[in-house]
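Scroll down for the structure; my scribbles are underneath it.
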């Protein structure tokens, strides 16, 4: 059985009822010849069977219906050698896109393609090319459902627990067990992507009603004590003659019980496939296998139970007389799907007596009748509470309510609600169902399994209606969406969906299943003539004009201005409801959450009230523009707003509050570079520059971690939310600068917001009084007076398991009291002048060798670090140009010594042999710190790496003693100012008892962060970022490109190319950088096996092969263009095209 469906959910029946049913079903049939089989008989049977059993490696390329994307191993067996048909389980074939290979016992591997998966029962078929098997002699395994009986000795042959071939013995104990109910097991994640264990245990708790995965129904199962486990799904259950009598489907984790699917319906389906293959001239085309349904679930109940449900004694006697002597019960309605043929006609508890005048007590007869009566009327006689009723129903085509297409937009998978999930959730079939929220819907708080009811103010009942509305939206548009969830089915929730402004994902596509090829064929979802079409993902950036960008930005700004007239409702669209969706965490640090020790949280749902109000704002744009003087209402609201916040506030709080900004940051899952550890962040920033044409906000890098992100800014001074863009990420210091368009604030908002007054000098000293001011999640300013306890505490943050940005070579400010580890803001004097930013720092606490937790803490960052860069941006400097609000501005470059340093007390340094003369010089230079800087390590590939060694003490630069990190920064700035020495520092160091004069090179870094990434075969590839280089190691093979992340359901998951390693060669050719890597993969064809040489972070080399899949996983890159300030997605190679 596959890894995704390997364990049983707790039974719904009570223990007593279950025991009673078992007692009724344990009659042993008379002994047969089968039970007298010898060891030689079994040996001969297994010699025939084993070569026909295959290991299936399947990969669900997209989440669909009941299944999540991911890879797993399972089993299948050949049932038709001439036509090349393999039988396995439905949950192995999967209802959605799947890529699979079969490996025979001699390790020959062949691709297989799905040709049928039953809509209800747990069986399906793959096809393969029989001519591809060249070195193995094998025969098909015949199907013999009639041979199954209680007491039959059997063998289960398959890939049990991943052991390729396992043979488990057992004896069939029951033929009439209820269909098992499985848990929905999520695919495992690698260690660096797993949440904390405590959270995982809590969120995996499910009640009996939380059944969101695949379950079989309306059939009996067999039971045996064979103890099968993961990987044995689809194994043949054989008798001593080598015949398959059943299909292994599942097991019970708490015991050795295994459950087998009877083969009667399998034989019927196989017959249709064989006839179809013959009729199409020995080739595969789509074959229709008639399947009928009433959208009912029946259970087989004993006669005692049916009497308690109201079955009259005369009806019972009639049924017993008309049924086989071994019959023990009747079929009882368990559930009715809303909107189905039986809805409002049948009810749970109804006892089925006759169908078309024939007494019917078995699932097999009922299914046979329904399959033969598609689109026809049938008569059902039932007993309801002692009353006989006859109803006439039309049998529905089961395939018509089984989705065969889906919409993929911004990573989300949306399709009509299937019969399986409609039965699980008690909704109508065909509703618009979210199988995977992707990025755009996740960002809005829409969970998996949601049903979309309204979008952009219009009712949604079918997928085509949703696509039509999408075709009318432009990038950056914000529209309301209303959905319901099976967990809270009686209340709808409203959220605000923001269409991606950047090209994080490909344009929306419709995938449709093609049963002849086994593939899902993609086509554009939006017509070329759409009113406001999405920008094409194959867009040529050279053709983009600045006018196009300006219009796009202006359009987004216009949309964002609208909510300002409804300030109270539009301030904050999130509440504190926690959901169990997914594995993505969010990071929060605000005043209301000061008692939270970590920044990780589950995604929160939006409140319905907020979404509805915002909807009104957006949909009434035209009417609002007709107001004669909209500023009047704005100014009235502003005066009341400011008067409310000014009461009972300190002077510092009143002065600084108009400068504070609340950030909400989302990172697309498709572009999680640089080791970023979450997709969702909250935090507080401060406006450091505000003019008519540009606004800049400073915020910590634990809120804005990377530039590939969507930022929404909510201002304390005026209730409006607008987008921001990252313009500078400091490579060392823990801050980022974010630009916003002041015109998007509106006239009143632009006048209310102001920049904080920065006070870089004098520096804070121990004992100074400061005011800590920040924002709560409700945008309320909070402040307290504190005392500086340590103005120069050196940071020491270790590297995380998955290397990510960490502040180094920094001195921070510590206070005697604050608001906890999640409150950020600023430190001011009594007049409200900012002396430091109170920012959040991310760290990872490790317990033992394999357990770690993400934590955060807050400290003060001296404002001089920000003001230096800010002055260069505002006043102009030499550097690369970046488009900010339609104006190209030069951005500063940072010269730095790429070495990680740490302070050592002079008392310790003396013990290492440092002379008294140097100790006195350093004390004289800085009597407060009394320390010397030592080298902890150099960044791999840096100029300092060639000269400095671990443990070196840095004594002086140009004969001037240095005692703190700022001294080195100042020396680097002087190099830029005078342009001397080609960027080299004349340093005096102390190494192993000797004083040495060295010339150390410095490096120049920009503030863009990572600006290019490639997605190949489902893994995110980038050049090694600073946190990786800080480990002090790069592969000797010309460095290589770094694997930052991987995607579920991708080829890299299937073949094991995971994150935290470099790709140094592809097919024997080196890949020293992204450009070389792209040149190589452009020449790789679809379906080609590629040899990849990797080096792990621990230095361990490895060679693996993987098969490229351009159909579901085209190669593409995401790149930032500073002249347009936009991220563009470019297809490098797909099935249809490739870039030269």
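In the working numbering, the protein residues as written are 2 to 1141.
All residues carry an ideal CB built from backbone N, CA and C; glycine is no exception.
Query, Result
"Note down, in chain order, each residue of its chain lying with its Cβ closer than 6 Å to the Cβ of residue 959, except the 5 sequence neighbours on either side.", "987"
"Evaluate residue 1130 with the Cβ neighbour count: other Cβ atoms within 10 Å of its Cβ, from every protein chain shown; 16 or more gives buried, anything less gives exposed.", "buried"
"Please state the DSSP three-state secondary structure of residue 380.", "strand"
"Helix or strand or just coil, what does DSSP make of residue 867?", "helix"
"Put residue 287 into one of helix, strand or coil per three-state DSSP.", "coil"
"Within its chain, find whatever has a CB closer than 6 Å to the CB of residue 277; leave out the 5 residues flanking it on each side and keep chain order.", "288"
"Curious, which full-length beta strand (DSSP E) runs of at least 3 residues does the stretch 729-813 contain?", "737-741, 770-776 and 782-795"
"For residue 937, report the span of its alpha helix (DSSP H) as first-last.", "From DSSP, residue 937 is part of no alpha helix (DSSP H) but of the beta strand (DSSP E) over 932-939."
"Have a look at residue 614 and residue 684 and give me their C-alpha separation to the nearest angstrom.", "Because residue 614 carries a pLDDT of 33, less than 50, the predicted location of this residue cannot be relied on, and no value is offered for it."
"Determine the direct distance from the alpha carbon of residue 1120 to that of residue 543, and round the result to whole angstroms.", "At residue 543 the pLDDT is 35, less than 50, meaning the model places this residue with poor confidence; the figure from the coordinates comes in the next sentence. So the alpha carbons of these two residues sit roughly 13 Å apart."
"Could you check what DSSP says for residue 62 in three-state terms: helix, strand or coil?", "coil"
"Is the stretch 1009-1022 touching the stretch 949-967, taking contact as three or more C-beta pairs under 8 Å?", "no"
"If you check the beta carbons only, do residue 1019 and residue 1052 fall under 7 Å apart?", "yes"
"In the DSSP assignment, what are the bridge partners of residue 665?", "683 and 713"
"So residue 735 and residue 840 are supposed to be a Cβ contact under 8 Å. How far apart are they, rounded?", "5 Å"
"Which runs of the alpha helix (DSSP H) fall wholly inside the stretch 65-131 and span at least 4 residues, in chain order?", "91-94"
"Since residue 663 and residue 715 should fall inside the 8 Å C-beta cutoff, what is the C-beta to C-beta distance between them, to a whole number of angstroms?", "4 Å"
"Under a three-way DSSP split, which group does residue 182 fall into?", "coil"
"Going straight from the alpha carbon of residue 791 to that of residue 944, what length do you get?", "33 Å"
"Exposed or buried, what is residue 886 when buried is set at 16 or more other beta-carbons lying within 10 Å of its beta-carbon?", "buried"
"Residue 180 and residue 220: beta carbons closer than 7 Å?", "yes"
"Is residue 984 helix, strand or coil when you go by DSSP?", "helix"
"Quick check: what's the CA-CA separation for residue 989 versus residue 682?", "43 Å"
"Are the Cβ atoms of residue 835 and residue 690 separated by less than 7 Å?", "no"
"If you reduce the DSSP assignment to three classes, tell me which class residue 1125 lands in.", "coil"
"My output table needs one value for residue 507: the three-state DSSP class, helix, strand or coil.", "coil"
"Any idea what DSSP makes of residue 346, helix, strand or coil?", "coil"
"Given this structure, state the Cα-to-Cα distance separating residue 971 from residue 1123, to the nearest angstrom.", "29 Å"
"Exposed or buried, what is residue 692 when buried is set at 16 or more other beta-carbons lying within 10 Å of its beta-carbon?", "exposed"
"Can you tell me which residues form a DSSP beta bridge with residue 699?", "687 and 738"
"Would you report the Cα separation of residue 483 and residue 457, rounded to the nearest angstrom?", "9 Å"
"Mind checking which residues open and close the beta strand (DSSP E) that includes residue 924?", "Where residue 924 is concerned, there is no enclosing beta strand (DSSP E), although the alpha helix (DSSP H) it sits in stretches over 917-926."
"Jot down the residue ranges of each uninterrupted beta strand (DSSP E) in the stretch 1087-1125, minimum 3 residues, whole runs only, in chain order.", "1090-1097, 1102-1108 and 1116-1122"
"For residue 816 versus residue 837, is the C-beta distance shorter than 7 Å?", "no"
"Rounded to whole angstroms, what's the CA-CA distance from residue 1133 to residue 730? Just pull it up for me.", "28 Å"
"For a test of the three-state rule: what should DSSP assign to residue 605, helix, strand or coil?", "In this prediction, residue 605 has a pLDDT of 34, which is less than 50 and means its spatial position is unreliable; what the coordinates show is noted afterwards. Strand, per DSSP."
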